[in-house]
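Undergrad: Let me begin by handing over the structure; questions about it come next.
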Amino acid sequence: MEGTQMALRKVGPVGPVNIKTYLAESAVTRGYGVKAGTNESGATAVATAGAQGIGIAAETTASGDALAVIRHGDAFAIAGAAANPGTYAKFNATGQVIAVTRTAGGAEEVIGRFESKPAAAGDECIIFVDPFTLTTPAA
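Position one of the sequence shown corresponds to residue 510 (this note's numbering), numbered consecutively onward.
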């Protein structure tokens with residue numbers, strides 16, 4: 510796994526992505542979740558578990574600076590726990606990506622799908638960013 514982690518740090522994900530620039534309303538770290546801010550063109554770091562995100566930060570940015578957000582496509586992300594490729598991803602309370610656990614009659618704010626396999630919290634991984642709300646029918 511370490512060889513994979515090193516490769517991610519050096520080259521990052523490969524493939525077409527949709528990146529949009531926002532005004533950072535808080536400090537944001539590369540690979541962490543981003544949600545809509547309070548201003549029209551603003552965005553802020555995810556700080557609530559299960560938050561509805563708009564994408565993943567493409568770079569570390571200070572509050573008040575331009576923030577590049579990957580809104581669709583492959584993105585480098587920081588995992589909040591182990592996960593398997595193909596599993597839907599959502600945000601934890603710190604903006605890391607974790608696996609979605611479906612509950613009958615529940616809804617989850619999905620940010621995308623794991624493309625690589627993080628082994629533990631803090632691992633670098635690749636997710637395919639494609640935000641949507643996943644609703645599971647009641648049993």
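All residues carry an ideal CB built from backbone N, CA and C; glycine is no exception.
Every value quoted in this text rests on a predicted model; they were computed, and no experiment measured them.
Count the other CB atoms, across all protein chains shown, that sit within 10 Å of the CB of Leu576; report buried if there are 16 or more and exposed otherwise.
TA: Position 67 of the sequence shown holds residue 576. With 16 or more other Cβ atoms within 10 Å, it is buried.
Undergrad: Can you tell me whether Val609 is helix, strand or coil according to DSSP?
TA: The residue you call residue 609 lines up with position 100 of the sequence shown. Three-state result, Val609: coil.
Undergrad: Give the straight-line distance between the Cα atoms of Ala566 and Ala554, rounded to the nearest whole angstrom.
TA: On the sequence shown, position 57 is the one that residue 566 refers to. On the sequence shown, position 45 is the one that residue 554 refers to. Approximately 9 Å, taken between the alpha carbons.
Undergrad: In or out: Phe641 buried (at least 16 other Cβ within 10 Å) or exposed?
TA: Taking the first residue of the sequence shown as position 1, residue 641 is located at position 132. By the neighbour-count rule (16 or more Cβ atoms within 10 Å), Phe641 is not buried but exposed.
Undergrad: Buried or exposed for Glu483, please, with buried defined as at least 16 other CB atoms from any protein chain shown within 10 angstroms of its CB.
TA: What the structure shows of the chain is the stretch from 510 to 648, and residue 483 is not part of that stretch, so it cannot be assessed.
Undergrad: For a test of the three-state rule: what should DSSP assign to Val537, helix, strand or coil?
TA: For the purposes of this step, residue 537 is taken as residue 28 along the sequence shown, with counting starting at 1. Residue state, collapsed to three classes: strand.
Undergrad: Let me check one thing: in DSSP terms, what residues is Gly551 bridge-paired to?
TA: By 1-based counting over the sequence shown, the position of residue 551 is 42. Leu532, per the DSSP bridge assignment.
Undergrad: Could you pull out every residue in the same chain whose Cβ sits closer than 6 Å to the Cβ of Asp632, ignoring the five residues on either side in sequence?
TA: Taking the sequence shown and counting its residues from 1, one reaches residue 632 at position 123. Closer than 6 Å at the Cβ level, and outside the excluded window around Asp632, lie Ala588.
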